[in-house]
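Single-structure report; data block below.
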Amino acid sequence: MAFAWLPGAAGDIARGAATTILLIAVTTLAGTFLSILGAAGRRNGPVLLKRAIAWYVEIVRNTPFLVQLFFIFFGLPSLGIRLDPMLAAMLAMTLNMAAYTIEIVGAGLDAVPIGQTEAALSLGLRPRQVFIKIVLPQALTVIYPALTSQIVIMMLESAVVSQIAVRELTYEADMLQARTFRSFETYLVVTMVYLVLSMALRRLLVSGGRHVLGAGVS
Amino acid sequence: MIEFTFWDIVRNLLLAARWTVLLSLAAFIGGGIVGMIVLFFRIAKNTWSRRLASGYIALFQGTPLLMQLFLMFFGLPMLGLRIEPWTAAVLGLTFFASAYLAEIWRSGVDALPLGQWDAGASLGLHYLQQLRLIILPQAFSITRAPTVGFLVQLIKSTALTSIIGFEELVRTSNAINNATFEPFKVYGLVALIFFAMCFPLTQYARSLEKRAAH
């Protein structure tokens, strides 16, 4: 094993890690937002919308992320939708994560007692206010640990987007090992970077969740 | 240029899907065996053994599977072993699966009341007999749904082995796509084949979950 190449490569690795962090930050925000809409739609929307959301969830959950990514990046241009790699990666990651978190958010909404809604309505709040101010915060507190796990899983899954030449951590590793001929060492170092990132991300999410949602979050 | 009809594409993809199925089965069986060993370490009375197993699980659950496959593919030759994509794929997925399965089964063991162990001991069974006759059958039985759920995840994960050069469904589809330039059709079909493999298992896991809830 030889690590003499490492000091010169630190900049590339850091840049790759920054892109990975950017990808997961965008995915987390967009994916969570989409899954709240999706879960609400599946509970209260028209029948056709409910069915469409159910199918979307099943299709995404039962096919590999890599295939979804290729479909979006290589397949959509034949429909006239051409995305650059970064945008395609963000879209694929967001759509993938939302399929999992729709189920999670849905379970959270189910966990809030119906009496909460009734009480809020009887206080004169409009249905939308009830959802945003009463039901959703309680649901998010319940599902926060599951949401955290899903975000970390998605961050690890994002290694795959190197395959459509998004310059994130894995892509930088591929470039580095081609240059240094130290494949094993390069991937070992980058694997450790991923390990640190996933542990830091989990810790950040837990402490951030405590801060925003209150002490009940673990 | 060779002309590919729609049925040529479908036939080639289905032929390649055999390898996806075979790899999934090999990794699931291998992962089950290694996972059992990890489970023994994870629930042992010795603190260090438990810590070691926890570290193993955290390592595999905290790093991307793609990196694990790369390390397997490039690392084993350094130990003097000549390695084919198939070997790297099976070994990589086996270790990956072992960590997840051990953790799933561990949750089953933890869910059992401690009285089950005591009852076994009071019948004069020693540790291994308690595990084999009392604890593990119950732990497996209550974790059947997540185990099947993980199998679905494993089948989807085999797609990543295309990146280290294993000729399964996704790698074949890349080759076909390069020849036909019909990515929409090709990747759509690949998604459909994966869906056909995974959806029944997902439904099965769901029915197990419902049965367990009653």
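Protein sequences, first through last, are from chains H and U. So for the first sequence, the working numbering puts the first residue at 1094; every next one is plus one. So for the second sequence, the working numbering puts the first residue at 97; every next one is plus one. The C-beta atom is built at its ideal place from N, Cα and C for all residues, glycine as well.
Query	Result
Alpha-carbon spacing of L227/U relative to L1216/H, whole angstroms	56 angstroms
Nearest to V1377/H (by Cα), restricted to the options A140/U, S218/U, P160/U and I139/U	As shown, chain H starts at 1094 and ends at 1311. That puts residue 1377/H outside it, with no answer to give.
Under 9 angstroms between C-beta atoms of R202/U and I139/U	yes
Chain-order list of residues whose beta-carbon lies under 6 angstroms from that of L94/U (same chain, five-residue window excluded)	Since the displayed chain U opens at 97 and closes at 310, residue 94/U lies outside it and no answer follows.
Any C-beta of chain H under 9 angstroms from that of F102/U	no
Whole-angstrom distance between I125/U and V248/U, CA atom to CA atom	14 angstroms
Given T257/U as reference, the closest of A271/U, E199/U and G188/U once Cα atoms are compared	G188/U
Selection of the region 1281 to 1303 of chain H by Cβ proximity to chain U, strictly under 7 angstroms	L1281, V1283, T1284, Y1287, L1288, S1291 and M1292
Cβ of P1238/H within 9 angstroms of any chain U Cβ	no
is_contact[F280/U, chain H] using C-beta, thresh 9 angstroms	yes
Proximity of A1204/H and Q1231/H at Cβ, strictly below 9 angstroms	yes
Beta-carbon neighbours of T1263/H, restricted to chain U and to distances below 8 angstroms	P160, L162 and M163
L1269/H versus I133/U: straight-line alpha-carbon distance, rounded	36 angstroms
Residue environment, Q1256/H, which counts as buried when at least 16 other CB atoms sit within 10 Å	buried
Element boundaries [alpha helix (DSSP H), containing D104/U]	F102 to R138
Amino acids of chain H, ordered along the chain, whose beta-carbon sits closer than 7 angstroms to that of A255/U	P1157, L1159 and V1160
Nearest candidate by alpha-carbon position, reference Y1237/H, set V1160/H, L1297/H, P1100/H and N1155/H	L1297/H
Sufficient close CB pairs (3 or more, under 8 angstroms) joining the region 146 to 153 of chain U to the region 189 to 200 of chain U	yes
Cα-Cα separation, F1126/H to S303/U	29 angstroms
Three-state secondary structure assigned by DSSP to N142/U	coil
9 angstroms Cβ cutoff, I105/U in contact with chain A	Here chain A cannot be found, since the structure's protein chains are H and U.
Burial state of M1285/H (16 or more Cβ within 10 Å)	exposed
Where I1106/H meets chain U, residues with beta-carbon distance less than 7 angstroms	Within chain U, no residue comes near I1106/H; the closest Cβ sits about 13 angstroms away, beyond 7 angstroms.
Cα-Cα separation, S269/U to K281/U	10 angstroms
Per-residue DSSP class, three states only, for R267/U	helix
Beta carbon of E1250/H nearer than 9 angstroms to that of G1109/H	no
Buried versus exposed call for L110/U [16 or more other C-beta atoms within 10 Å across all chains shown]	exposed
Backbone CA spacing between T1273/H and F170/U [nearest angstrom]	14 angstroms
N-terminal and C-terminal residue of the alpha helix (DSSP H) that L1122/H is part of	L1099 to N1137
Boundaries (first-last residue) of the alpha helix (DSSP H) holding L304/U	P279 to A309
L162/U, enclosing alpha helix (DSSP H) - first and last residue	L161 to G171
Chain H contacts made by the region 135 to 155 of chain U, where a contact means CB separation under 9 angstroms	A154 and L155
Any non-hydrogen atom of the ligand ATP within 8 angstroms of M1190/H CB	Annotation note on the ligand ATP: not contained in the displayed structure, which lists no ligands.
T254/U - containing alpha helix (DSSP H), residue span	Per DSSP, T254/U belongs to no alpha helix (DSSP H) and is neither H nor E.
From Q299/U, G284/U, A308/U and R307/U, residue whose alpha carbon lies closest to that of P1157/H	G284/U
Selection of the region 284 to 307 of chain U by Cβ proximity to chain H, strictly under 7 angstroms	G284, V286, A287, F290, F291, C294, F295 and T298
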